[in-house]
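Read the structure below first, then the notes.
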Amino acid sequence: MSTLLALDTATEACSVALLHDGKVTSHYEVIPRLHAQKLLPMIQQLLADAGTTLQAVDAIAFGRGPGAFTGVRIAIGVVQGLAFALDRPVLPVSNLAVLAQRAYREHGVSQVAAAIDARMDEVYWGCYRETAGEMRLVGTEAVLPPEVAALPDDASGDWFGAGTGWGYGERIAVNLSGSDAGMLPHAEDLLTLARFAWERGESIPADDAQPVYLRDKVATPKAR
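Written out as structure tokens, the structure is:
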């Protein structure tokens, strides 16, 4: 039985999750700007609580973005360091997909419009549908002004809005059955998505782990 470790630092939340002996354990804290100090101790505590070690981990999953530039870099740096040392593969997972998976787990919704506040008057945007317990992307992920965000062309039925991008909700022309604008990605849901990817053989070498920002200019304001 596989042992998988998942971690995420792409937003204000810092979280880790572990699948070991068929059981999932996790730790989640909202700790802006403390991710770099807290992440490794959280991993060590999670492994200790599960009675296992890093050497038992078969692959490491991580939130590859979109999200905060610094946060995504922290995750990739830690994941690459651990994966190189252990000679293990990695599993990159979209943070928008993680939001959708959390909405499915907590609210039982099967269609989710995930949005993360991208600053600079934009949102990271992706739409997801549940298939056999897995939230899958419909269309493409993008960074765009709230007014441009839209559901897929073939959208029907109820859609749920998840993520901080829904703080711009009054500017997003999408009808929702419900929303949670305070929702942040959780490593427990990242782990769920990573398990599907692992079973499909989608792990990659640590060398190939890359952030996905969806935006070329990550730190410069838009020209007016």
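Residue numbers for the sequence shown follow the UniProt record's numbering, beginning at 1 and rising by one.
Ideal Cβ placement from N, Cα and C applies to all residues, glycine included.
Can you tell me the Cα-Cα spacing of residue i and residue j, whole angstroms?
{"i": "R224", "j": "E188", "result": "With a pLDDT of only 42 at R224, under the threshold of 50, the placement of this residue in the model should not be trusted; the figure read from the coordinates follows. Between R224 and E188, the C-alpha separation is close to 40 Å."}
{"i": "A50", "j": "G81", "result": "22 Å"}
{"i": "R136", "j": "R33", "result": "30 Å"}
{"i": "V212", "j": "E106", "result": "26 Å"}
{"i": "P66", "j": "D121", "result": "15 Å"}
{"i": "A173", "j": "G126", "result": "15 Å"}
{"i": "L151", "j": "I116", "result": "15 Å"}
{"i": "T70", "j": "A10", "result": "8 Å"}
{"i": "K176", "j": "L46", "result": "Sequence check: residue 176 is Leu here, not Lys. Taking the straight line joining both Cα atoms gives about 37 Å."}
{"i": "L214", "j": "G178", "result": "26 Å"}
{"i": "S26", "j": "D58", "result": "17 Å"}
{"i": "G165", "j": "L99", "result": "11 Å"}
{"i": "H20", "j": "I43", "result": "13 Å"}
{"i": "R119", "j": "A142", "result": "14 Å"}
{"i": "V218", "j": "V72", "result": "For V218, the predicted structure reports a pLDDT of 43, less than 50, and the residue's modelled location is therefore unreliable. A value from the coordinates is still provided. V218 and V72: Cα-Cα distance of roughly 12 Å."}
{"i": "A149", "j": "Y128", "result": "14 Å"}
{"i": "S15", "j": "A103", "result": "16 Å"}
{"i": "G157", "j": "G182", "result": "23 Å"}
{"i": "S2", "j": "R200", "result": "13 Å"}
{"i": "V138", "j": "A17", "result": "26 Å"}
{"i": "Y168", "j": "T140", "result": "20 Å"}
{"i": "residue 268", "j": "D154", "result": "Residue 268 cannot be examined here, being either before or after the span of the chain that is shown, 1 to 224."}
{"i": "G63", "j": "A48", "result": "23 Å"}
{"i": "S203", "j": "R195", "result": "10 Å"}
{"i": "L144", "j": "Q101", "result": "22 Å"}
{"i": "A114", "j": "G108", "result": "15 Å"}
{"i": "G22", "j": "H186", "result": "19 Å"}
{"i": "V79", "j": "T52", "result": "18 Å"}
{"i": "residue 273", "j": "A132", "result": "In this structure the chain extends from 1 to 224, so residue 273 is not present and cannot be described."}
Taking residue i and residue j to be in contact with their CB atoms under 8 Å, please state how far apart those CB atoms are, rounded to whole angstroms.
{"i": "A180", "j": "A162", "result": "The sequence shown places Asp at residue 180, not Ala. D180 to A162, Cβ: 6 Å. Contact."}
{"i": "A36", "j": "I60", "result": "So it is not a contact: roughly 17 Å between Cβ atoms."}
{"i": "R171", "j": "P205", "result": "Wrong, their Cβ atoms sit about 41 Å apart, outside the cutoff."}
{"i": "L191", "j": "V24", "result": "6 Å"}
{"i": "V93", "j": "L193", "result": "5 Å"}
Taking residue i as the reference, which of the options has the closest Cα?
{"i": "V30", "options": "M42, A13, L19, K38", "result": "A13"}
{"i": "V112", "options": "L96, V24, R195, S2", "result": "L96"}
{"i": "D207", "options": "A114, S110, A85", "result": "A85"}
{"i": "A209", "options": "A142, A149, A75, E130", "result": "A75"}
{"i": "L40", "options": "L184, G157, Y128, G77", "result": "G77"}
{"i": "Y28", "options": "D154, L19, L7", "result": "L7"}
{"i": "R88", "options": "L190, L5, G133", "result": "L5"}
{"i": "W159", "options": "L144, A48, E130", "result": "E130"}
{"i": "S110", "options": "S94, G167, E134", "result": "E134"}
{"i": "A68", "options": "T140, R195, Y124, A114", "result": "Y124"}
Looking at the ligand GTP, does it come within less than 6 Å of residue i, judged from the CB to the closest heavy atom?
{"i": "D180", "result": "Of the ligands one can find in the structure shown there are none, so the ligand GTP has no counterpart to examine."}
**OP:** Report the residue ranges of all beta strand (DSSP E) runs contained in full by the segment 74 to 157; include only those spanning at least 3 residues, in chain order.
**Re:** The beta strand (DSSP E) runs lying completely inside the segment 74 to 157 and spanning 3 residues or more are 90 to 93, 111 to 117, 123 to 131, 134 to 144, given in chain order.
Original post:
If you scan the segment 158 to 195 from start to end, which runs of the beta strand (DSSP E) of 3 or more residues do you find wholly inside it?
Top reply: 160 to 162, 178 to 180
Original post:
Which runs of the alpha helix (DSSP H), 4 residues or longer, sit entirely within the segment 20 to 83?
Top reply: Whole alpha helix (DSSP H) segments, 4+ residues: 35 to 50.
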